[in-house]
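Student: Residue numbers (our numbering): -16 to 312. From the three backbone atoms N, C-alpha and C, an ideal C-beta is built for every residue, glycine too.
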Amino acid sequence: MTTAPVKVAVTGAAGQICYSLLFRIASGELLGKDTPVELRLLEITPALKALEGVVMELDDCAFPLLAGVEIGDDATQVFDGVNLAMLVGARPRTAGMERGDLLSANGAIFTAQGSALNAVAADDIKVLVTGNPANTNALIAMKNAPDIPAERFNALTRLDHNRAISQLAAKLGVAVTDITKMTIWGNHSATQYPDLLHAEVSGKNAAEAVNDQEWLENDFIPTVAKRGAAIIAARGSSSAASAANATIEHMRDWVLGTPDGDWVSMAVPSDGSYGVPEGIISSFPCTVSDGADEIVQGLEIDDFSRAKIDASVAELVEEKSAVQELGLI
Ligand code: NAD
Ligand code: LMR
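#1: Verify whether the separation of the beta carbon atoms of Pro129 and Asn101 is less than 8 Å.
#2: Identify the continuous beta strand (DSSP E) that holds Gly51 and give its terminal residues.
#3: On the criterion of 16 or more Cβ atoms from any shown chain inside 10 Å, does Val159 qualify as buried, or is it exposed?
#4: Using only the alpha-carbon positions, how far apart do Glu200 and Val193 sit?
#5: In whole angstroms, what is the alpha-carbon distance linking Gly97 and Ser272?
#6: Can you tell me where the beta strand (DSSP E) with Thr140 in it begins and where it stops?
#7: Drop a sphere of 10 angstroms on the beta-carbon of Met(-16), count the other beta-carbons inside from all chains shown, and report buried for 16 or more, exposed for fewer.
#8: Cβ of Pro75 within 7 Å of any heavy atom in ligand 1?
#9: Does DSSP classify Val(-9) as helix, strand or coil?
#10: State the start and end residues of the unbroken alpha helix (DSSP H) segment that holds Lys109.
#11: Output needed for Arg74: all residues of its chain with C-beta closer than 7 Å, excluding positions within five of it in sequence on either side, in chain order.
#12: Is it true that the CB of Ile108 sits closer than 8 Å to the CB of Val65?
#13: State the DSSP-derived secondary structure class of Leu25, mapped to helix, strand or coil.
#14: Roughly how many whole angstroms lie between the Cα atoms of Gly274 and Trp237?
#15: In chain order, what residues of the same chain have a beta carbon less than 6 Å from the beta carbon of Ala227, not counting five sequence neighbours either side?
#16: Could you check whether the stretch 142 to 156 touches the stretch 166 to 185, counting it as contact only if at least three pairs of C-beta atoms, one from each stretch, sit closer than 8 Å?
#17: Please report the straight-line C-alpha distance between Ser256 and Glu40, rounded to a whole angstrom.
#18: Three-state secondary structure (DSSP) at Thr77?
#19: Excluding the 5 residues preceding and the 5 following Ser295 in the sequence, name in chain order all residues of the same chain whose CB lies nearer than 7 Å to its CB.
#20: Taking only the alpha-carbon atoms, compute the straight-line gap between Asp245 and Ala190 and give it to the nearest angstrom.
Okay, here's the thing in structure tokens:
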């Protein structure tokens, strides 16, 4: 191996998502089969014993690309010099809760981790928040890391993006690979807006291919937006392997770039595009080249989409006010 290992921090490392995520990072699915990785794993003290067991299993895989693993419960030590941070660790919701109900339970985690990253992360740090409520937790981390450029903080809506592709492919009886230009707008919550008006199926407009407004409004959108709750109802706990998969895909595309002619959904700090106010982290259609993401510009937003985007953005603004009141930002 010629390149130096990329230091990847992962929090909540003894949890469900990480039981899939860590093994996929270590096998090379994040950065490719030529890039060694060093894992820096953060947990709370009572979970360190379980995390030691996970590390034993990582050892037992003898992954050629895994250059080292460090674990700990001190964010400042674990995040020292890290290039990528995947902030997964947070309490998941249970049946009957909305993700916003987790704000006070989980918000404080991200003040501490934001300031630790600010103090010790590498200059090229990229931070992806998966722990819920992901958009607002990412905002909290960003606001507590004033020396890290704001655009280095993203939140995960790639799982919603993938869910939308899968639902559309099933409806049309096509392969998932036929679908491009899917967009999730807004919050990773039940108010999110999965947008078929700009998506394409084999290069043709997806909404026209579906040609069923009733399905689009009353089936597709709620199925995608409420899929997290449906998984909790079916599995008894929240999505894990699919969330790990989406976390890998988001970070991989952020580092290595998005495919030509397509875009992905990423929750990024708004620059005011599409009337989404600055100061929140909201999902947009994004492309990435040379490690920098850009919001796709120039899409026409009709009245239907406008109302849906505005509703989700209003929720993000409310979440921001709530964490301001809690003194977290
Ligand atoms: P889990 O309960 O199995 O694991 C969470 C882990 O985080 C636990 O091991 C816990 O000890 C650890 N943790 C708690 N506080 C911590 C801290 N301060 N520092 C480090 N670790 C800490 O939960 P999970 O199923 O792995 O889910 C993790 C989070 O991801 C939840 O908030 C869940 O709602 C969220 N999630 C988000 C998406 C998404 O698409 N954005 C999808 C699925 C799940
Ligand atoms: C999901 O979308 O599966 C996660 O955000 C978990 C949840 O609470 O829905």
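Tutor: Short version:
#1: yes
#2: 49 to 55
#3: exposed
#4: 12 Å
#5: 25 Å
#6: First-last for Thr140: undefined, no H or E at that position.
#7: Only weak support is given to the placement of Met(-16): the predicted model assigns it a pLDDT of 48, under 50, and the value that follows is read from those uncertain coordinates. So Met(-16) ends up on the exposed side.
#8: yes
#9: strand
#10: Premise fails: Lys109 lies in the beta strand (DSSP E), 109 to 112, not in any alpha helix (DSSP H).
#11: Leu85, Ala88, Asn89
#12: yes
#13: strand
#14: 6 Å
#15: Ile0, Ser3, Leu4
#16: yes
#17: 45 Å
#18: coil
#19: Trp168, Gly169, Asn170, Thr174, Gln175, Tyr176
#20: 17 Å
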